[in-house]
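**Student:** Start counting the sequence shown at 1; every next residue gets the next number (full-length UniProt numbering). Built from N, CA and C at the ideal position, the CB exists for glycine as well. Since we're looking at a predicted model, the values are computed, not measured. Starting off with a structure, shown below.
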Amino acid sequence: MRLTDDLRDLATVRAFRTLLGVRLVSQTGDGMVQAGLATLFFFQPQNMTSASGVAAALVVMLLPFSVVGPFTGPFIDRWRRRQTLWWGNLLRAGLIALTALVLSVAGIGLPVYVLVLVALGVNRFLLSVLSAGLPQVIDHERLLVANSIVPTLGGAATAVGAVIGFVLRLVLPAGHAQDVASLLAAAVLYALAALVVTRLRPDELGPEHPDLSTGLGAALARTAGDLIDAVRYLRRRGTPGLALSTMALHRFVYGMELITMILTARNLLTSPENATTGLAIFGSLMGAMVVGHGVAVVLTPLAHERVAPSTWVVMCLLGGTLGQLVVVATHAQAAMTAGFLVFGIGVQGAKIAVDTIVQSDTADAYRGRAFSIYDVLFNTAECVAAGVAVLVLPDVGWSRPVQACLVLFVWCVAGWYATGVRRLGDRPREVEAVPGGGTTAP
């Protein structure tokens with residue numbers, strides 16, 4: 001079936017439209033919050049002009065959910081996901097509103113950072129809930145198209161929110177009023193997302209066998225064992241575990257390139273003292289990568305009509321290195337912009353295919369935990385990239401030897417993944433999933 005037919009079919013599914021609406025509204029609020037964080041952490045004249053400074057800021061933003069994340073999956077598999085989305089968005093609205101209050105009373109400080117980072121952690125959890133619930137409303141044949149549309153439209157909504165946040169900062173008087181207006185608007189959007197969720201039935205997103213009788217203490221006590229069991233399941237199942245590992249390795253490369261972009265825009269392509277110009281240059285580089293993500297949304301479903309998702313993963317990994325080779329050759333802004341656009345196609349195309357493999361090849365009893373593990377690997381890979389960047393990247397960001405090594409690394413990852421898929425016959429192993437938590441194999 002052609003892409004247009006798939007899109008038409010998706011548009012007729014009420015629950016899918018609702019899930020998409022929740023993501024778009026809430027991620028617009030995320031963009032408004034993150035615009036302030038980017039300005040605060042990376043593009044103030046006195047802040048984060050070195051590789052270590054940028055790396056530390058990224059770790060602060062990503063590590064909290066990497067630590068807390070493993071304990072979310074079992075709850076996704078036990079709690080009704082629709083109710084989780086409702087309460088989670090209300091919690092975010094409250095956290096951001098409280099942040100605005102603290103900011104207006106005490107100014108920028110540790111409490112503001114903590115509240116915002118907790119809200120971002122809740123956001124990552126809710127994205128896992130949305131991913132785990134999607135197969136409950138979309139059949140297997142439409143998952144790839146849905147995975148192409150939802151994350152990228154969500155990313156576009158985040159970009160729109162970021163633009164709105166920056167515009168508010170420009171038009172409002174300097175001072176706390178700028179931050180408060182953006183945060184309060186984001187809180188309203190989170191509350192609106194909670195309202196949109198109510199269009200779904202309480203059990204419409206699964207899980208298929210929710211364990212509502214388990215108390216919080218007992219659930220926490222069982223979490224470690226549940227997650228270990230999920231890791232074993234994914235490994236024995238084969239294809240989802242291999243896809244997750246490949247995603248994490250490629251995300252490490254993305255993290256290295258992100259830090260390269262920030263430092264190059266901040267310290268190489270303009271004067272470090274000119275933070276405003278640096279922010280504009282970073283916006284153009286990051287915007288090119290986002291455009292690449294959009295191109296991947298169009299190409300991936302078309303490619304799926306001709307090749308398997310696993311084949312598309314390899315093609316995207318190798319194709320993305322064509323853009324990286326441009327960055328190896330030169331740090332000229334125009335060339336880097338083109339290179340990161342091509343790299344963005346590879347990053348997003350591979351991610352869409354990995355999402356589909358994990359969703360379609362993982363039993364529902366493990367799907368929530370699989371996506372919590374996914375998010376932990378996703379964030380931890382970028383934290384590892386931050387640590388490596390401190391050791392190998394200069395403060396100007398761009399380094400030809402480092403960029404060349406990243407290209408070679410991706411080639412090795414692509415070869416390793418292709419070999420693993422070939423050994424599995426591109427099919428998951430038969431592993432019986434037990435709703436209570438165990439696995440058995442024939």
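Would you say the region 277-293 touches the region 248-265, given that touching needs at least three Cβ pairs under 8 Å?
**Tutor:** Output reads yes: the region 248-265 touches the region 277-293.
**Student:** Cα separation between residue 234 and residue 289?
**Tutor:** The alpha-carbon atoms of residue 234 and residue 289 are separated by roughly 31 Å.
**Student:** With DSSP run on the structure shown, which of helix, strand or coil describes residue 271?
**Tutor:** Reduced to three states, the DSSP call for residue 271 is coil.
**Student:** Only counting runs of 4 or more residues, tell me where the alpha helix (DSSP H) segments fall wholly within the region 394-438, in order along the chain.
**Tutor:** Whole alpha helix (DSSP H) segments, 4+ residues: 400-424.
**Student:** Quick check: the Cα distance between residue 448 and residue 180, rounded to an integer number of angstroms?
**Tutor:** The chain is shown only over 1 to 442; residue 448 falls outside these bounds and no answer can be derived.
**Student:** Determine whether the beta carbon atoms of residue 321 and residue 396 lie at a separation below 8 Å.
**Tutor:** Not a contact, by the Cβ cut-off of 8 Å.
**Student:** Cα-Cα, which of 427, 413, 388 is closest to residue 51?
**Tutor:** Checked all of 427, 413, 388; the closest Cα to residue 51 is 388.
**Student:** Does the Cβ of residue 467 have 16 or more other Cβ atoms within 10 Å, making it buried, or fewer, making it exposed?
**Tutor:** For the chain, the structure presents residues 1 to 442; residue 467 sits outside this window and is missing.
**Student:** Mind checking which residues open and close the alpha helix (DSSP H) that includes residue 87?
**Tutor:** Counting along the chain, the alpha helix (DSSP H) containing residue 87 begins and ends at 81-106.
**Student:** Distance, Cα to Cα, residue 250 vs residue 105?
**Tutor:** So the two alpha carbons sit approximately 43 Å from each other.
**Student:** Excluding the 5 residues flanking residue 237 on each side, which residues of the same chain have their C-beta closer than 8 Å to its C-beta?
**Tutor:** Excluding residues within five positions, the ones whose Cβ falls inside 8 Å are 361, 362, 428, 429, 431.
**Student:** CA-CA distance, residue 273 and residue 120?
**Tutor:** Approximately 29 Å, taken between the alpha carbons.
**Student:** Would you give the residue range spanned by the alpha helix (DSSP H) that residue 126 belongs to?
**Tutor:** Here the alpha helix (DSSP H) through residue 126 covers 110-133.
**Student:** On the premise that residue 375 lies in contact with residue 124, defined as a C-beta separation below 8 Å, what is that separation, rounded to the nearest angstrom?
**Tutor:** At roughly 5 Å, the Cβ-Cβ gap stays under 8 Å, so residue 124 and residue 375 are in contact.
**Student:** Would residue 344 and residue 291 be called neighbours here (beta carbons separated by less than 8 Å)?
**Tutor:** Contact flag set, yes.
**Student:** How do the region 312-319 and the region 221-228 stand: do at least 3 beta-carbon pairs fall below 8 Å, yes or no?
**Tutor:** Contact between the region 312-319 and the region 221-228 is absent, because fewer than three Cβ pairs lie under 8 Å.
**Student:** State buried or exposed for residue 369, treating a residue as buried only when at least 16 other CB atoms are found within 10 Å of its CB.
**Tutor:** Classification for residue 369: buried.
**Student:** Can you look up residue 293 in the DSSP assignment and give me helix, strand or coil?
**Tutor:** Helix.
**Student:** Rounded to whole angstroms, what is the Cα-Cα separation between residue 191 and residue 84?
**Tutor:** If you take the alpha carbons of residue 191 and residue 84, they lie about 14 Å apart.
**Student:** Kindly provide the ranges of any alpha helix (DSSP H) runs that are 4 or more residues long and lie completely inside the region 331-377, ordered along the chain.
**Tutor:** The qualifying runs are 333-361.
**Student:** Alpha carbons only, please: which of 407, 377, 373, 304 is nearest the one belonging to residue 77?
**Tutor:** Checking every option, the nearest Cα to that of residue 77 belongs to 373.
**Student:** Under 8 Å, with one C-beta from each stretch per pair, do the region 299-315 and the region 325-332 reach the 3-pair mark?
**Tutor:** Contact fails: fewer than three Cβ-Cβ distances are below 8 Å.
**Student:** In terms of residues, what are the limits of the alpha helix (DSSP H) holding residue 257?
**Tutor:** 239-263 is the extent of the alpha helix (DSSP H) around residue 257.
**Student:** Taking the straight line between their C-alpha atoms, what separation do you get for residue 336 and residue 79?
**Tutor:** For residue 336 and residue 79, the distance between alpha carbons rounds to 45 Å.
**Student:** Using the three-state DSSP reduction, which class does residue 304 fall into: helix, strand or coil?
**Tutor:** Helix, per DSSP.
**Student:** Flag this pair as yes or no: are the beta carbons of residue 153 and residue 24 separated by less than 8 Å?
**Tutor:** In contact: residue 153 and residue 24 (Cβ atoms closer than 8 Å).
**Student:** Can you grab the Cα-Cα spacing for the pair residue 34 / residue 339, in whole Å?
**Tutor:** The straight-line gap from Cα to Cα measures roughly 25 Å.
**Student:** Tell me which residues share the same chain as residue 385 and place their Cβ nearer than 6 Å to its Cβ, disregarding the 5 neighbours each side in the sequence.
**Tutor:** Only 252, 255, 256 meet the Cβ criterion.
**Student:** When the Cα atoms are used, what is the spatial distance from residue 367 to residue 132?
**Tutor:** Between residue 367 and residue 132, the C-alpha separation is close to 6 Å.
**Student:** Using the C-alpha atoms, what's the distance from residue 96 back to residue 184?
**Tutor:** Each residue's Cα considered, the two are about 7 Å apart.
**Student:** Can you tell me the Cα-Cα spacing of residue 86 and residue 157, whole angstroms?
**Tutor:** Those two C-alpha atoms are separated by around 19 Å.
**Student:** So, at 7 Å on beta carbons, what are the nonlocal neighbours of residue 116 in its own chain, with the 5 sequence-adjacent residues on each side left out?
**Tutor:** Taken in chain order, the residues that qualify are 33, 37, 99.
**Student:** In its own chain, which residues sit with a C-beta less than 6 Å from the C-beta of residue 378, not counting the 5 before and 5 after it?
**Tutor:** Closer than 6 Å at the Cβ level, and outside the excluded window around residue 378, lie 251.
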